[in-house]
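Quick note on the UniProt record's numbering: the sequence shown kicks off at 1 and runs consecutively. In this text, a Cβ means the ideal position worked out from N, Cα and C, and glycines have one as well. Heads up, the thing below is written out as structure tokens.
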Amino acid sequence: MPVHTITVDAILFDMDGTLVDSTQGVVGAWHTFAETYRDIDVKEILNTSHGVRTVDNLQKYCGITDPDELEREACRFEIEIVRNASKNGNKGIVLLPGVRDIMLELEPHRHLPNPSWAICTSATRDYASAAVNIAGVPVPDVFIAAEDVERGKPFPDPYLLGAKKLGVQPERCLVIEDAPAGIKSGKAAGSKTLALITSHTRAQMEECKPDFLVTNLASVVMRKVEGGIEVRMDVV
């Protein structure tokens, strides 16, 4: 496989499907919600909803429009993710391949005033905080969650805000994503994009035209260098 090496000012990570795998919890949560919203097609939702904010998915698939109800149901949904994941001793929320080694390198560089990376997730802060703690991902000072932006992915808002809080230009960031909505968000923000084949097919990820494509983060080595982060990628 060809190797590409770039140096960027900062890394903007998605969470679910990029750093952690919560598939078992999400599947269980949708099946629980199907008991309330009987017209939903869980299989269709699982094929199309990944990388999108819970409130946006509930509005689209469950027809919830009242803002207060949306907030309540979003909280209930994400509690269900954690509950279902916990059925197997939290094995339903686990680190994805390659993440541990990258976190060992980047963990010291997560604190303000000069952090080098952030997490920008479509999940709520409560759920995202629980998920990274269960999986063992260090929590960076810059942690963008669903409620921090008016428009979620595929709009650029999460990654624009992440870059702003890091104090860097989005054009000098690398966005790492596993979902087409996230790649579109990163591209719209003006960042370079690295797509992972962890939750979608290679064809689906190629269709959104990321700058780089790898199997997962086991194909990526990061090193803190003077002036930024060096990223070495075995691309497919």
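Residues bridged to W30 [DSSP beta-bridge criterion]: Partner(s): none; W30 has no beta bridge.
Does the pairing of the region 52-68 with the region 212-224 give three or more beta-carbon distances under 8 Å? no
Could you tell me which of T124, A203, V52 sits nearest to G152, measuring between CA atoms? V52
I think M15 touches T124, with their Cβ atoms under 8 Å apart; what is that distance to the nearest whole Å? Rounded, the Cβ-Cβ distance is 11 Å, inconsistent with contact.
Can you tell me whether DSSP reads I11 as helix, strand or coil? strand
Would a C-beta distance cut-off of 7 Å place C208 and P180 closer than the cut-off? yes
Taking C-alpha atoms, which residue in Y37, H109, S116, P97 lies nearest to F77? Y37
How is the alpha helix (DSSP H) around A130 delimited, first residue to last? 125-135
Of the residues P108, F212, E44, I40, which one's Cα is nearest the Cα of T193? F212
Around the Cβ of P2, are there at least 16 other Cβ atoms within 10 angstroms (buried) or fewer (exposed)? exposed
Name the one or two DSSP bridge partners that M103 has. Paired residues: none, contrary to the question.
Quick check on T54: buried or exposed, where buried means 16 or more other Cβ atoms within 10 Å of its Cβ? buried
Helix, strand or coil at F212 according to DSSP, with G and I counted as helix: strand
Look at the Cβ atom of L161, then the Cβ atom of D178, and state whether they are nearer than 7 Å. no
For S22 and A130, what's the separation of their Cα atoms in angstroms? 11 Å
Using a 10 Å radius around the Cβ and a threshold of 16 neighbouring Cβ atoms, would you call E80 buried or exposed? buried
Contact set for I176: own chain, Cβ-Cβ below 6 Å, skip 5 residues either direction: F13, T18, L194
If we require 4 or more residues per run, which alpha helix (DSSP H) segments fall completely within the region 119-206? 125-135, 157-166, 180-189
How many angstroms separate the CA atom of A85 from the CA atom of Y127? 12 Å
Spatially closest choice to S49 from G182, H4, R172, A189, by CA coordinates: G182
Rounding to the nearest angstrom, what Cα-Cα distance links H105 and G63 in this structure? What sits at residue 105 in the sequence shown is Glu, not His. The straight-line gap from Cα to Cα measures roughly 43 Å.
Just to confirm the assignment, what range does the alpha helix (DSSP H) spanning V55 have? 54-62
Where T198 falls, given that 16 or more other Cβ within 10 Å makes a residue buried: buried
Straight-line Cα distance separating G227 from G28: 44 Å
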